[in-house]
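Numbering (UniProt numbering), first residue to last: 1 to 244.
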């Protein structure tokens with residue numbers, strides 16, 4: 001009787017394990033050091049973090065703690081000294097330096113602190129530039145841009161240039177641009193730093209909504225404690241050490 005009871009349970013456990021989704025981002029023991037010998041500086045101690053689809057994770061910590069190094073590694077902008085980086089099932093150590101830009105363009109979306117909009121492009125052009133760079137310009141890209149502008153409440157601002165937008169509107173454009181290539185992973189670097197509390201909260205609410213509604217994964221580096229409650233998880237970096 002015991003054996004008969006155990007078999008279905010084992011099969012059920014195996015089935016549940018097999019059904020687990022592939023993490024969008026998996027960092028295993030990643031670290032970053034500069035120099036060698038007595039001149040070695042450790043910017044990031046070995047860190048492990050897994051982010052699943054539909055999850056917004058905040059990385060919190062003081063200035064100079066290693067947050068920017070961590071985000072650069074997670075965004076395939078900086079290779080770690082040790083450890084493994086997996087994004088959307090791709091081991092980045094298997095990609096050449098020449099192959100990384102195309103991978104980022106296809107799989108990653110970035111939202112930066114200053115929105116980083118191009119001053120001589122209007123709002124619609126900010127979005128359609130992304131598929132143009134990927135060689136996918138065309139009617140589909142224009143339709144995707146219009147869809148995102150409507151979704152993020154920017155349709156009436158489509159012909160406006162960045163200097164005619166408020167700070168919150170510029171960050172909404174940055175989020176729309178980050179979503180243009182339908183990325184697996186969104187990385188946000190202090191997206192509320194230049195905004196007041198109301199606008200900052202609106203931006204993070206919008207980011208969380210997109211992550212949850214469309215099964216994206218997002219990592220947001222921030223020291224803004226006013227928006228941490230909007231995130232699914234919060235991890236901290238202190239002196240280069242990641243603390244779950």
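Cβ coordinates follow ideal geometry from the N, Cα and C atoms, glycine included.
Since we're looking at a predicted model, the values are computed, not measured.
Problem set entry | Element boundaries [beta strand (DSSP E), containing residue 110] | Along the chain shown, one-based indexing puts residue 110 at 110. For residue 110, the enclosing beta strand (DSSP E) has its first and last residue at 108-111.
For this session: Rounded to whole angstroms, what's the CA-CA distance from residue 34 to residue 70? Just pull it up for me.
Result: Along the chain shown, one-based indexing puts residue 34 at 34. Along the chain shown, one-based indexing puts residue 70 at 70. Those two C-alpha atoms are separated by around 14 Å.
Exercise. Excluding sequence positions up to five away, which residues of its chain have a Cβ less than 7 Å from the Cβ of residue 160?
Worked result: What you label residue 160 is simply residue 160 of the chain shown in a count that begins at 1. Taken in chain order, the residues that qualify are 122 and 123.
Exercise. What are the boundary residues of the alpha helix (DSSP H) that residue 69 is part of?
Worked result: By one-based count along the chain shown, residue 69 stands at place 69. Following the DSSP letters along the chain, one finds residue 69 inside the alpha helix (DSSP H) bounded by residues 67-74.
Exercise. How should residue 150 be labelled, buried or exposed, when 16 other C-beta atoms within 10 angstroms of its C-beta is the threshold for buried?
Worked result: Within the chain shown, numbered from 1, the residue matching residue 150 stands at position 150. So residue 150 ends up on the exposed side.
Exercise. Can you tell me the Cα-Cα spacing of residue 212 and residue 184, whole angstroms?
Worked result: Taking the chain shown and counting its residues from 1, one reaches residue 212 at position 212. Taking the chain shown and counting its residues from 1, one reaches residue 184 at position 184. Residue 212 and residue 184: Cα-Cα distance of roughly 12 Å.
For this session: Measure the alpha-carbon distance for residue 194 versus residue 165 and round it to whole angstroms.
Result: In the chain shown, the residue the question calls residue 194 occupies position 194. In the chain shown, the residue the question calls residue 165 occupies position 165. C-alpha separation (whole angstroms): 14 Å.
For this session: For the alpha helix (DSSP H) holding residue 205, just list the boundary residues, first then last.
Result: Taking the first residue of the chain shown as 1, we reach residue 205 at position 205. First-last of the alpha helix (DSSP H) with residue 205: 197-214.
Exercise. How far does the beta strand (DSSP E) with residue 237 in it reach, from first residue to last?
Worked result: Within the chain shown, residue 237 is the residue found at index 237, counting from 1. 233-238 is the span of the beta strand (DSSP E), which, as asked, contains residue 237.
Exercise. Considering residue 25, what are the terminal residues of the beta strand (DSSP E) in which it resides?
Worked result: Residue mapping note: residue 25 aligns to position 25 of the chain shown, counting from 1. Unbroken beta strand (DSSP E) run through residue 25: 25-34.
For this session: Starting from residue 243, follow its DSSP beta bridges and name the residues at the other end.
Result: Taking the first residue of the chain shown as 1, we reach residue 243 at position 243. Paired residues: 236.
Exercise. Given that a residue counts as buried once 16 or more other Cβ atoms are within 10 Å of its Cβ, and exposed if not, what is residue 6?
Worked result: Stepping through the chain shown from its first residue, residue 6 is reached at position 6. A caution first: residue 6 carries a pLDDT of 48, below 50, which makes its placement in the model too unreliable to give a value.
For this session: Could you tell me the distance, in whole angstroms, from the CA atom of residue 57 to the CA atom of residue 237?
Result: Locating residue 57 in the chain shown gives position 57, counting from the first residue. Locating residue 237 in the chain shown gives position 237, counting from the first residue. Rounded to whole angstroms, residue 57 to residue 237 spans 13 Å at the Cα level.
For this session: Classify residue 118 as helix, strand or coil using the three-state DSSP reduction.
Result: Locating residue 118 in the chain shown gives position 118, counting from the first residue. Here residue 118 sits in coil by DSSP.
Problem set entry | Start and end residues, beta strand (DSSP E) containing residue 46 | The residue labelled residue 46 in the question sits at position 46 within the chain shown. From DSSP, the beta strand (DSSP E) with residue 46 extends over 41-51.
For this session: Determine the direct distance from the alpha carbon of residue 227 to that of residue 197, and round the result to whole angstroms.
Result: Stepping through the chain shown from its first residue, residue 197 is reached at position 197. Stepping through the chain shown from its first residue, residue 227 is reached at position 227. Using only the alpha carbons, I get a separation of about 9 Å.
Exercise. Can you tell me whether residue 101 is buried or exposed, with buried defined as 16 or more other CB within 10 angstroms of its CB?
Worked result: Reading the chain shown from its first residue, position 101 is the one you call residue 101. Classification for residue 101: exposed.
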